[in-house]
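Undergrad: Just passing along the structure, written as C-alpha cells.
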Amino acid sequence: MLFQGSAAVVLPQTPKHSANWIISVKRSEINAIMQKADDFIQSRGFYLPPFAYWTPDAWTRKGPEASEIVENKLGWDITDFGQGDFHRIGLFLFTIRNGNVQNWQTLTGKLYAEKIMIVEDGQVTPMHFHWRKMEDIINRGGGELLIQLYHATADEQLDEKNAVHVSVDGLQRTLEPGDTVRLIPGESISLQPRCYHKFWGQGRVLIGEVSLVNDDQHDNRFYEPLGRFPEIDEDAPPLHLLCSDYARYFKGK
Ligand SMILES: [Fe+2]
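So for the sequence shown, the working numbering puts the first residue at 35; every next one is plus one.
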C-alpha cells in the first residue's frame, strides 16, 4: 500500500550481487559526484562546513585538532553498496556531526549524529536496519522520498506478518508489512532500531538524517549482504577526501 498518493508505486529491484564482488569506482567519478552534490546542496540553501573543502594536501598538514573529524568519520561518503552501478543503487552522504562507540558506552560526549544525503530519481538505498541507531529521515526538498518498511524478525528476516508502527512528524501511523511511505518536502519519519527500511527518490531529493551515534562498521544490517565503502580506482587526484581516505592522509594523531 502507498501512503500520501494514490498512484501505484513500482518498487525498485533488489540488488543481485553479493558483498564478495569487488567492483571499483573511479576517483574521477567520485570527484564528479561530489561536485554535483555540492552544487545541489547549495542550490537548496544548505551549506557544508569549511572542512568539506580542505584539499588532500591540506589534510596532510592537519594536527590533533582535526582528530574528531577522522575518528568519528565526519565528511564525504559516497557508496554504491558494492554493486558497481551508483546511479541505480547508491547514496551520497556527508556526515556533519557524529559521536563514536565510546560515547555510546559511557553515555558522555556526542550521542547524536547528523547527515545530509542525496538520492537521485529512482536511485535505491537497499533494505537494511540498525541494531542500535534510531534515526529520523527528513525530506529537505527537491523531490519526494519513498521508504519501504518491515519489522525484522528475531532471526533478522523481513517480518511479513506484523504491522509496522512509525512516527511521521509526531503522528503515529500503522502500516502493513512492506508498505511504502511517501515523504513530501518537509516531512520526516522516525525509524526505530530493527525496522528494515529501503528508500529511493522520485526526483532528486536532499535528505537530512538526525540520529543516535552512527557506526557504519558495526551497526548496519543489510538484508542482502552488500559492501559499504567502495574500492577506488585512483585515475585522478581526489577533489576532497572521502571519510574512508583519512587514514592515508591524516598524520595528526
Ligand atoms: Fe538506515
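Beta carbons are placed, not taken as given, at the ideal position from N, Cα and C, and that holds for glycine.
1) Tell me the rounded alpha-carbon separation between Gln191 and Arg166.
2) Quick one: what's got a C-beta closer than 7 Å to His121's C-beta in the same chain, skipping five residues either side?
3) Sort out for me which residues DSSP pairs Gly109 with in a bridge.
4) When the distance is taken between beta carbons, is His274 closer than 8 Å to Trp88?
5) If you reduce the DSSP assignment to three classes, tell me which class Lys149 lands in.
6) Looking only at its own chain, which residues have a Cβ that is under 6 Å from the Cβ of Met161, when we skip the five neighbours before and after it?
7) Give me the residue from Val215, Ala188 and Ala86 with the minimum Cα distance to Pro272.
8) Strictly by DSSP, which residues pair up with Pro175?
9) Go to Pro90, then tell me how far its alpha helix (DSSP H) extends in each direction, as first and last residue.
10) Out of curiosity, what's the CA-to-CA distance linking Arg131 and Phe74?
11) Does Ile64 come out as helix, strand or coil in the three-state DSSP assignment?
12) Just the Cα atoms here: how many angstroms apart are Ser101 and Gly286?
13) Under the three-state reduction of DSSP, which class applies to Ala197: helix, strand or coil?
14) Looking at Glu99 and ligand 1, is the gap between the Cβ and the nearest heavy atom below 7 Å?
15) With DSSP as the reference, identify every bridge partner of Ile223, one or two as the case may be.
TA: On the basis of the data shown:
1) Counting from one through the sequence shown, the residue named residue 191 turns up at place 157. Counting from one through the sequence shown, the residue named residue 166 turns up at place 132. Approximately 17 Å between the Cα atoms of the pair.
2) Along the sequence shown, read from residue 1 onward, the residue named residue 121 stands at position 87. Here the set comprises Glu154 and Gln157.
3) Mapped onto the sequence shown, residue 109 falls at position 75. Thr129.
4) One-based indexing of the sequence shown puts residue 88 at position 54. One-based indexing of the sequence shown puts residue 274 at position 240. Contact: yes.
5) Within the sequence shown, numbered from 1, the residue matching residue 149 stands at position 115. Lys149 falls in the strand class under three-state DSSP.
6) For the purposes of this step, residue 161 is identified with residue 127 of the sequence shown, where counting begins at 1. The residues are Tyr230, Lys232 and Tyr257.
7) Position 238 of the sequence shown, counted from the first residue, corresponds to residue 272. The shortest C-alpha separation from Pro272 is found at Ala86.
8) Your numbering for residue 175 matches position 141 in the sequence shown. The question names Pro, yet the displayed sequence has Gly at residue 175. Paired residue(s): none; Gly175 is not in a bridge.
9) As a working note, residue 90 is residue 56 in the sequence shown. Residues Pro90 to Thr94.
10) For this step, residue 131 is matched to residue 97 along the sequence shown. For this step, residue 74 is matched to residue 40 along the sequence shown. If I take the Cα positions, the gap works out to 20 Å.
11) Along the sequence shown, read from residue 1 onward, the residue named residue 64 stands at position 30. Helix.
12) Mapped onto the sequence shown, residue 101 falls at position 67. Mapped onto the sequence shown, residue 286 falls at position 252. So the two alpha carbons sit approximately 7 Å from each other.
13) Walking along the sequence shown from the start, residue 197 turns up at place 163. Here Ala197 sits in coil by DSSP.
14) To locate residue 99, count along the sequence shown from 1; it is residue 65. No, ligand 1 has no heavy atom inside 7 Å of this Cβ.
15) Here residue 223 is taken as the residue at index 189 of the sequence shown, counted from 1. Answer is Ile171 and Val202, bridged to Ile223.
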